[in-house]
Each structure stands twice: as C-alpha cells, then as structure tokens.
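Enquirer: Have a look at this one.
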Amino acid sequence: MPRGLSPSSFGAFKSCPLAFKFSYLDRLPQPPSAPASKGTLVHRALELLMLRSAQDRTIDHALADLTRAREELASDPDFTELVLTEAEWDRFHAEAEVLVHRYFELEDPTTVRPIGLELRLSATVGSVQLRGIIDRLDLVENDELVITDYKTGSVPGERHELQRLAGVHMYALMVEQLLGKRPVRVQLLYLSRPEAIIAVPSEQSVTGVARKTKALWTAIESACARDNFRPHPGPLCEYCSYQAYCPAFGGDPALAEELRGPGTVIAPALPLASSPV
Ligand code: SF4
Numbered sequence: 055m056p057r058g059l060s061p062s063s064f065g066a067f068k069s070c071p072l073a074f075k076f077s078y079l080d081r082l083p084q085p086p087s088a089p090a091s092k093g094t095l096v097h098r099a100l101e102l103l104m105l106r107s108a109q110d111r112t113i114d115h116a117l118a119d120l121t122r123a124r125e126e127l128a129s130d131p132d133f134t135e136l137v138l139t140e141a142e143w144d145r146f147h148a149e150a151e152v153l154v155h156r157y158f159e160l161e162d163p164t165t166v167r168p169i170g171l172e173l174r175l176s177a178t179v180g181s182v183q184l185r186g187i188i189d190r191l192d193l194v195e196n197d198e199l200v201i202t203d204y205k206t207g208s209v210p211g212e213r214h215e216l217q218r219l220a221g222v223h224m225y226a227l228m229v230e231q232l233l234g235k236r237p238v239r240v241q242l243l244y245l246s247r248p249e250a251i252i253a254v255p256s257e258q259s260v261t262g263v264a265r266k267t268k269a270l271w272t273a274i275e276s277a278c279a280r281d282n283f284r285p286h287p288g289p290l291c292e293y294c295s296y297q298a299y300c301p302a303f304g305g306d307p308a309l310a311e312e313l314r315g316p317g318t319v320i321a322p323a324l325p326l327a328s329s330p331v
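Start counting at 1 in the sequence shown, then tack on 54, and there's your number in my numbering.
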C-alpha cells in the first residue's frame, strides 16, 4: 500500500485501476511526452514570471522567462529523451509561446499577489495521507485565499470537468488543513482555449470530497489486498504508455517490468548458484 496519494492518483484509479497500479504503485517509467514536457516548460516560465515584482510581470518578461525555462530544462530527461524532428521542436516552442500569450488573456499578472508557488501540501483524511503540489496560492481582498492551477492540455468535457473539480476540492481541503482557512476560490486556467473553470469550495464540497476520498482509499486497499487491478478501457487508452502490457489489448501485465530497462532485479531470483553447468 502507498503511504500517501495525490488527488491526481485518485483520479487515475477511477479512470483505470491497472494503469494506476503500473504508474503509482509499481512506479514503472513512462517515456516523456511532448504535451507533458511542454506543460512543464510553460509552468516554469509562469513560476519565474510570478517571482518578479508585480509591475514587471509583462508579456516581454514572460517570454524572457520562457527562454530561461527552456535553458534550465535543456538537460532534463523529459526534454533530452523526446524524439522530435527539428520542425516538431520548432512547433513545440512556438506552441509554448502561444500558451504564455494566452495566459495574459485570462488574468492580469500585475494584480496577482502570490504567497506560494509550486507549494507542497499534505492533509490527513481518516487514514489517508493526501499529498499534492499547487501551482499558485494567492492572497486576495480581505486576506482571503485563492488556489490557481495552470492547465496546458485541452479543456475537459463536462464529465471530466467534474472529475477535475473533485481533485480541486481536495486541494482546497489540504490548504484548509495547512493554513486553517478555506480558500474562497479555486481556478483552473486552461491556457489552450483560453478558459477559466472556477470552483467555490464550501462546507458541503469539502465534506463530500473527504467522504469520497475515504471510499476510494478503501477501494484501493481492497484492490491491493487482492492484487486485483482491472483494466478499464476508455478514451485514455490511446495515450497510455502501458498499452502493450494491458490484457484489454492482448498484453501480459507481468512483462511490464521490462519497462525498467536492463539491470532490473528479477524476482524471484534465478537459482544461479545451484544451476548445474
Ligand atoms: S491501455 Fe487502457 S485499459 Fe489498458 S492499462 Fe492503459 S488505460 Fe488501462
């Protein structure tokens, strides 16, 4: 059993228990993907922008921060291991620039008062330890708190929006446990559209999310105890790094260990010492 889980891992378990096991329990490596790496780059650029004094948060500085983020991440495996042609790299960076421009259509960064960036949070709900990182925690009028999360992927459909908001309410719960104050707003800034999805945490939403978290934890405990993580095919299969090992696609989950690459310890160990030569 894991000791703690992030809100996104709960969402992953709901989407597909087998992919959850591969990723969050077995921690099998996944090859980097261009959309995820682009997201990392844009998040870092916006973090650098927020570290500037309010009046310096201009579009020119944001683009300079994007260049700095690009230099910082140049040797990161999420970038060096991406297999892209020169033209695809050009498109990658042009799209990152567009996302930074779109951010300015969603809010005026000179009016933002961030008090936490890439903030690590944790909270205890029953026997569950929730952990997560929020992109930004802001102070607004009357010393109230607002959580901001940047999204570089596409805006979710209605069903997935509800799932995303469930994660958002978990973050609200974590902030409330950490700082003793419930945020007045949680905003998901979808830079690709651009569009903001805003949720207002309430007593009911926080209690509801705590109840659902405990129920999901019980389901995860039960799946671990029986080592029973079923595949749940759906739209995400198209992007799943584990598809070759998924029984729903004719694969064998036991072979997924080979994703760790050469040098992996095989369990149980081969009886090399007693083998007749
Ligand atoms: S391919 Fe689909 S069903 Fe199989 S593990 Fe991945 S997400 Fe789950």
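Cβ coordinates follow ideal geometry from the N, Cα and C atoms, glycine included.
For glutamate 186, which of helix, strand or coil comes out of DSSP?
Expert: Per the sequence shown, residue 186 should be read as glycine rather than glutamate. In the structure shown, glycine 186 sits in a strand (DSSP, three-state: E or B).
Enquirer: For tyrosine 299, tell me which candidate among Leu232, Leu82, Arg190 has the shortest Cα-Cα distance.
Expert: Leu82
Enquirer: Which residues in the same chain have their Cβ closer than 6 Å to the Cβ of lysine 75, if we skip the five residues on either side of it in sequence?
Expert: The answer, listed in chain order, is Phe283.
Enquirer: My guess is that alanine 238 and glutamate 198 are in contact by the Cβ rule of under 8 Å, so how many angstroms apart are they, rounded?
Expert: In the sequence under discussion, the amino acid at residue 238 is valine, which differs from the alanine named in the question. 4 Å between Cβ atoms; contact.
Enquirer: Quick check: does the Cβ of phenylalanine 67 come within less than 7 Å of any heavy atom belonging to the ligand SF4?
Expert: no
Enquirer: Counting by C-beta, which residues lie closer than 6 Å to a heavy atom of the ligand SF4, in chain order?
Expert: Cys70, Leu72, Ala73, Pro285, His286, Pro287, Leu290, Cys291, Cys294, Tyr296, Gln297, Cys300, Ala302, Phe303
Enquirer: Use the C-beta contact count for methionine 55: other C-beta atoms within 10 angstroms, 16 or more gives buried, fewer gives exposed.
Expert: exposed
Enquirer: Looking at the secondary structure, which residues open and close the beta strand (DSSP E) in which tyrosine 244 lies?
Expert: 239 to 244
Enquirer: Taking 8 Å as the threshold (C-beta atoms), are serine 60 and glycine 338 in contact?
Expert: Outside the displayed span of the chain (55 to 331) sits residue 338, for which this structure offers no information.
Enquirer: Does the count of Cβ pairs from the region 218 to 233 and the region 260 to 271 closer than 8 Å reach three?
Expert: yes
Enquirer: Out of Gly288, Asp306, Pro307, Glu101, point me to the one whose CA is closest to glutamate 172's CA.
Expert: Glu101
Enquirer: Looking at the secondary structure, which residues open and close the beta strand (DSSP E) in which tyrosine 293 lies?
Expert: Element bounds for tyrosine 293: n/a, residue is neither H nor E.
Enquirer: Going by the beta-carbon positions, is the gap between alanine 310 and tyrosine 293 smaller than 8 Å?
Expert: No, they are not a contact pair.
Enquirer: Grab me the residues of leucine 313's own chain with a C-beta within less than 6 Å of its C-beta, minus the 5 sequence neighbours each way, in chain order.
Expert: Leu82, Pro83
Enquirer: For alanine 73, which of helix, strand or coil comes out of DSSP?
Expert: helix
Enquirer: DSSP on proline 83, reduced to helix/strand/coil?
Expert: coil
Enquirer: Determine the contact status of threonine 164 and glutamine 109, defining contact as a CB-CB distance below 8 Å.
Expert: yes
Enquirer: Rank Lys92, Leu105, Leu245 by C-alpha distance to the C-alpha of aspartate 192 and give the top, closest one.
Expert: Checked all of Lys92, Leu105, Leu245; the closest Cα to aspartate 192 is Leu105.
Enquirer: If we count the other Cβ atoms within 10 Å of its Cβ and call it buried at 16 or more, is threonine 121 buried or exposed?
Expert: exposed
Enquirer: So the candidates are Glu149, Ala150, Leu79, Tyr204; which of them puts its Cα closest to the Cα of alanine 279?
Expert: Leu79
Enquirer: Measuring CA to CA, which of Glu135, Val194, Asp132 is closest to glycine 170?
Expert: Restricting attention to Glu135, Val194, Asp132, the CA atom closest to the CA of glycine 170 is found in Val194.
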